[in-house]
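Protein chains: 2
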Amino acid sequence: MTTKTKTKTQAPAAKAAGDHLRLDNQLCFALYAASGLVTRAYRPLLEPLGLTYPQYLVMLALWEQAPRTVKALGQALELDSGTLTPLLKRLEAAGFVTRTRDAEDERRVQIALTQAGEALREKAGVVPTALACQLQLPLDEIVELRTTLQDLARKMKAAS
Amino acid sequence: MTTKTKTKTQAPAAKAAGDHLRLDNQLCFALYAASGLVTRAYRPLLEPLGLTYPQYLVMLALWEQAPRTVKALGQALELDSGTLTPLLKRLEAAGFVTRTRDAEDERRVQIALTQAGEALREKAGVVPTALACQLQLPLDEIVELRTTLQDLARKMKAAS
DNA sequence: TCCAATTCAATTGTGTACAATCTAAATACG
DNA sequence: CGTATTTAGATTGTACACAATTGAATTGGA
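Chains A and B, in that order, are what the protein sequence lines are. Each residue of the first sequence is one higher than the one before, counting from 1 in this note's numbering. Each residue of the second sequence is one higher than the one before, counting from 1001 in this note's numbering.
What follows is the structure in structure tokens.
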């Protein structure tokens, strides 16, 4: 219906401002909501591992390459030290990583995996598969969506 | 240390575990990183309005329809009262919304826009356009990505 | 050489996010 | 009626997330 009449209607709702401020037309909100929903879907899968979702991402980064500095982790995950420092301390307290000052350059802190941290990789192996089932998306669509998002991320980083 | 195999090539990186735990192969991480980058891109645009990014989303929802209950806002934005209550108190303190107990049902709190809150919509009008430029994506790709994400969100809500 | 600029991580302060719990209000139901 | 259940928000506790600042370590010049 879209009462596009030039009525000076004030109270009811958005109208004159057009659709471009509608929540459902915002890519940003679709991204925000989807990201939140996916994070929530991971929670029950990660709880048995003793990890939160951001902690899981940090562990993924470390399983791929360790030891790494806080800085390198931040670049890989797009996070800064204000976020990572307390998170890594919690992972250290949980026994999954160690934090050591680099002897070469005392400003750096190297994050390494403990035995328990390494061992956790086996248990985490089932997580992506379990989640992929919940997504209810065919594999080729998952790949395409992921590629599009990585593309977007790359462009935004370049433009910043 | 890595006594498990006699191959001396243990240290470098993930390998046997396969690619399915690689960060770059995770849709969840692509979503997480893209969402964070977009949020960050909004920040400088929203700062002159006196809004954070989640506050902006709440205002979008209210510009579309107000007054609304906290519950209704939570459903629209996929957020719960533990997040919304303090956020709405800050918006109230900023003078953009009012919070009123519903006389019909005293459990409900109605969130309405103030004059300042209504007026902010005009200033916010430029935000989506300004951001669309930064995205460096053609409009049809934006629409397609948005549709895919909304699809994903719908499926995940249905499966939960 | 010496010191200014840079770099790295930690800290501080503000603002989300959510689970679990709590309270009051409304509804169901016997 | 009167109580059990459900519902709406608020509160509490834990965990991100980032801007701004700090402080120590390194680097780059003049």
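In this text, a Cβ means the ideal position worked out from N, Cα and C, and glycines have one as well. Source: prediction; values computed, not measured.
Touch test, the segment 68-75 of chain A against the segment 102-109 of chain A, Cβ-Cβ under 8 Å, three pairs minimum: Contact holds: three or more Cβ-Cβ distances are below 8 Å.
Environment of Ala163/A [buried if 16+ CB atoms lie within 10 Å]: Given a span of 1 to 160 for chain A in the structure shown, any question on residue 163/A remains unanswerable.
Pro1048/B, buried or exposed, once every other Cβ within 10 Å from all chains shown has been counted against 16: Around the Cβ of Pro1048/B, a 10 Å sphere holds fewer than 16 other Cβ atoms; the residue is exposed.
Outcome for Gln115/A when other beta-carbon atoms lying within 10 angstroms are tallied against a minimum of 16: A residue is called buried when at least 16 other Cβ atoms come within 10 angstroms of its Cβ; Gln115/A does not meet this threshold and is exposed.
contact_flag[the segment 123-130 of chain A, the segment 85-93 of chain A] where n(CB pairs < 8 Å) is 3 or more: Taking a contact to require three or more Cβ pairs closer than 8 Å, the segment 123-130 of chain A and the segment 85-93 of chain A do not qualify as touching.
Helix, strand or coil at Leu1073/B according to DSSP, with G and I counted as helix: Looking at Leu1073/B - three-state DSSP - the assignment turns out to be helix.
Beta-carbon neighbours of Ala61/A, restricted to chain B and to distances below 8 Å: Against chain B, the beta carbon of Ala61/A has neighbours under 8 Å at Leu1023, listed in chain order.
Endpoints, the alpha helix (DSSP H) within which Leu1113/B is located: No alpha helix (DSSP H) contains Leu1113/B, which is instead part of the beta strand (DSSP E) from 1109-1113.
Cβ shell of Tyr56/A (< 6 Å), same chain only, five flanking positions each side left out: Cβ within range, chain order: Leu46.
Chain A within 8 Å of Leu1045/B, Cβ atoms only: Look at Leu1045/B: its C-beta is not under 8 Å from any C-beta on chain A.
Whether Leu1031/B touches Leu149/A by CB criterion (8 Å): Against a cut-off of 8 Å, the Cβ pair of Leu149/A and Leu1031/B comes out as a contact.
Contact with chain A by Ile1111/B, beta-carbon distance below 8 Å: By this cut-off, Ile1111/B is not an interface position.
N-terminal and C-terminal residue of the alpha helix (DSSP H) that Thr1148/B is part of: Taken as a continuous stretch (DSSP letters only), the alpha helix (DSSP H) holding Thr1148/B covers 1139-1159.
Backbone secondary structure at Thr185/A - three-state DSSP: No answer is possible for residue 185/A: the residues shown for chain A start at 1 and end at 160.
Asp80/A versus Gly74/A - alpha carbon distance: Within the model, the alpha-carbon separation for Asp80/A versus Gly74/A is close to 5 Å.
Closest Cα partner of Arg1022/B within the set Leu137/A, Gly125/A, Met156/A: Per the Cα distances, Gly125/A.
Cα-Cα separation, Gly1095/B to Gly1117/B: Counting only the Cα atoms, Gly1117/B lies some 7 Å from Gly1095/B.
Three-state class that DSSP yields for Gln1055/B in the structure shown: Gln1055/B falls in the helix class under three-state DSSP.
Cβ shell of Asp1019/B (< 6 Å), same chain only, five flanking positions each side left out: Correct list, in chain order: Asn1025.
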